[in-house]
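Take a look at the structure set out below.
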Amino acid sequence: MTIRSDSANGLLDTAIVGAGFGGIGLAIKLLQEGESSFRIFEKSEDVGGVWRDNIYPGAACDVPSHLYSFSFEPNPDWSRTFGGQAEIHQYLQHCADKYHLWDKIRFKATVERASFDEKASIWTLYFADGESVRARTVVFAVGALNIPAYPSIPGLDAFKGKVMHTAEWDPDYDLSGKKVGVIGTGASAIQVVPEIQPAVESLTLYQRTAPWVMPKRDGWIPPAWRKLYARFPILQKLHRIAQYWMFESTAPVMIKNNWMTRMGERLGRRYLRRMIKDPVLREKVTPRYALGCKRVLLSDDYYPALTKPNVEVLTDGIERIDETGIVSRDGRHQKLDAIVLATGFQVPAAGAPFPIEGAGGRSLNEDWRKGSEAYLGMTVTGYPNMLYIMGPNTGPGNISVIFYIESQLRYIMAYLKHLRQRNLAALDLKPSVQQQFNENIQAKMQKTTWVSGCDSWYLTEDGKNTTLWPGYSWQYRLQSKHFDPSLYDCVRLRPSVV
Ligand code: N01
722 MTIRSDSANG
732 LLDTAIVGAG
742 FGGIGLAIKL
752 LQEGESSFRI
762 FEKSEDVGGV
772 WRDNIYPGAA
782 CDVPSHLYSF
792 SFEPNPDWSR
802 TFGGQAEIHQ
812 YLQHCADKYH
822 LWDKIRFKAT
832 VERASFDEKA
842 SIWTLYFADG
852 ESVRARTVVF
862 AVGALNIPAY
872 PSIPGLDAFK
882 GKVMHTAEWD
892 PDYDLSGKKV
902 GVIGTGASAI
912 QVVPEIQPAV
922 ESLTLYQRTA
932 PWVMPKRDGW
942 IPPAWRKLYA
952 RFPILQKLHR
962 IAQYWMFEST
972 APVMIKNNWM
982 TRMGERLGRR
992 YLRRMIKDPV
1002 LREKVTPRYA
1012 LGCKRVLLSD
1022 DYYPALTKPN
1032 VEVLTDGIER
1042 IDETGIVSRD
1052 GRHQKLDAIV
1062 LATGFQVPAA
1072 GAPFPIEGAG
1082 GRSLNEDWRK
1092 GSEAYLGMTV
1102 TGYPNMLYIM
1112 GPNTGPGNIS
1122 VIFYIESQLR
1132 YIMAYLKHLR
1142 QRNLAALDLK
1152 PSVQQQFNEN
1162 IQAKMQKTTW
1172 VSGCDSWYLT
1182 EDGKNTTLWP
1192 GYSWQYRLQS
1202 KHFDPSLYDC
1212 VRLRPSVV
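To convert, note that position 342 of the sequence shown is 1063 in our numbering; the numbers rise steadily by one, no gaps.
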């Protein structure tokens, strides 16, 4: 990998890690502001992040496509109300084409370590191939959920058939006519199950916790509408605004014992009764925790798929896996050709994506040992000129992640502008700001259903939610709207490093 820089001294102004929505969005904003001394470093060979990697059958977004795209790059041609994986991936490729980003991206650049030189106020990224690059500012846009979580079920390695995690799908493996076991009933499972069910001989679904599932109301967007959107962009904008408020209005579900939660649960149960007539199956898949505590799933075809004769839902728990199949806790042995692990991702609260050394050699993994913390999910005290996109406590419970990403892009651009205009070497978040911000976040969190209603990947081992934003997304937009330099200690630029 050859790393070039626009600056004569081999120093980039900004190094972005990750070419998903966050990294692509920031690159576009930088170019629009006339900044060219930046590069995106991407471990893979294409843009797209999770939308490049998650190619399992049925992979799609559960946020409507007009909302799950940049406000500054509307796509009038979305073919479905909820975009599929391929279409969203193509959208990001289109963004890279349109804004001429390909030359700005170094592919197959896997960052293994990032380190801040306090004297020079410069970050160095070290790559797996032994190369390194220096930059004044680093922005980690590495996504929150990208490392698959493999369950620690005894015997999984002994299974002689095919094992596939949904996030590492093998497109060359044909499931047709096979006996398939699916482990997990989260957002990925409810998409893959209806998609593979018609093709497989049998599908045994291993459910540990029954999720809340609501109708998705997905469908094709008629070509006439698409033409109208292309001709009158204001119509698409209005559609987007309507979708935003429709989803945003469900936010109170996150609050414990809310009337909306109870109403939502009634609607969920009614939907379940309508879709599943068999009382035994219905009983099995009836959720037993408060709505909203885990992600509320949207699907039109999950419940119908469960009623098909070649599908069985097992809820006794998995005892072990052997060479030929899965043994349930009740002793039942299910012979299988393939096991699909729809078991989710490693939790972001577990720490930094790779070792990150800040001022004075402090380690982000060590600082985040008891749960990750940042200011507005973007800046961390002791790590000057390091910014995160979709860092701690900025995950949306109910709305498009792109809304949060765009709020952060605006803040990051203001941060970078301030550095440049004031000729500063670095900005370091004041410790008191981070502490107070996170105390407020965790106090608000205590009022939500996430911290007491169920066990979910949102929580750290000691029950702290460092994942989601405990408020409305418009509140996040307002809080992050203005960059306030008084929250940061600044380091003046020293002539020797200019
Ligand atoms: O993963 P999950 P996911 N034995 O962690 C079960 C995003 N996403 O990939 O609930 C048996 O939600 C586990 O059981 P339990 C979205 O943010 C978005 O589905 O812990 N079962 C659960 O049922 C989402 O929240 C889209 O009891 C085991 C399942 O596996 C996030 O990704 C689409 C087990 C894991 O569910 C993760 O979703 C897809 C074991 N040992 C994903 N270990 C969009 O549409 C785990 N499970 C945008």
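Even for Gly, the Cβ is constructed at its ideal location relative to N, Cα and C.
Here the C-alpha atom of Arg1016 lies approximately 28 Å from the C-alpha atom of Pro797. Remark: C-beta atoms of Leu1035 and Asn1114 do not approach each other more closely than 8 Å. The C-alpha of Tyr1197 is placed about 14 Å away from the C-alpha of Tyr965. Contact annotation: the stretch 844 to 863 does not touch the stretch 786 to 803, with fewer than three C-beta pairs closer than 8 Å. In the three-state scheme derived from DSSP, where H, G and I count as helix and E and B as strand, Gly746 is classed as helix.
The beta-carbon separation of Val884 and Val738, rounded to 30 Å, does not stay under the 8 Å limit for a contact. Distances from the alpha-carbon of Gly864 to those of Asp893, Ala1164, Trp772 put Trp772 closest. Note: Arg760 is bridge-paired with Ala736 in the DSSP secondary-structure output.
The stretch 931 to 939 makes no contact with the stretch 952 to 969: fewer than 3 CB pairs, one atom from each, lie closer than 8 Å.
Distance from the CA of Gly1116 to the CA of Pro869, rounded to the nearest whole angstrom, comes to 18 Å. Inclusion of Ile776 and Tyr789 in the CB contact set at 8 Å is not warranted, their separation being larger than that value.
Exclusion of Thr1028 from the 7 Å shell around the ligand N01 follows from its C-beta lying no nearer than that to any non-hydrogen atom of the ligand. In the DSSP secondary-structure assignment, Leu1145 is bridged to Arg1213.
Boundaries for Glu833: no alpha helix (DSSP H) harbours it, while the beta strand (DSSP E) harbouring it runs 832 to 838, taken from the DSSP string. DSSP, reduced to helix, strand and coil, places Thr906 outside both helices and strands of the structure shown, so it counts as coil.
For the pair of segments examined, the stretch 1041 to 1048 was found to touch the stretch 870 to 879: the number of CB pairs separated by less than 8 Å reaches three. Ala817 is not a Cβ neighbour of Val860, given a cutoff of 8 Å. Excluding five sequence positions before and after Pro892, the CB atoms of its chain that fall closer than 7 Å to its own CB belong to Ile776, given in chain order. When rounded, the separation of the alpha-carbon atoms in Phe953 and Ala1073 is 44 Å. Restricting attention to Val901, Met1134, Val913, Asp1183, the CA atom closest to the CA of Gly755 is found in Met1134. Annotated three-state conformation of Trp1089 is coil, per DSSP.
Put simply, the stretch 1008 to 1023 touches the stretch 912 to 924. At least three CB pairs are less than 8 Å apart.
Counting along the chain, Arg1041 sits inside the beta strand (DSSP E) bounded by residues 1039 to 1042. Of the candidates Tyr894, Lys825, Ala1147, Thr887, Thr887 places its Cα closest to the Cα of Val1061.
Under a 10 Å Cβ-count criterion, Met996 is classified as buried, with 16 or more other Cβ atoms of the shown protein chains found around its own Cβ. Scanning its chain for C-beta atoms nearer than 7 Å, with the 5 sequence neighbours on each side dropped, one finds around Asn1086 the residues Gly1072, Ala1073, Pro1076, in chain order.
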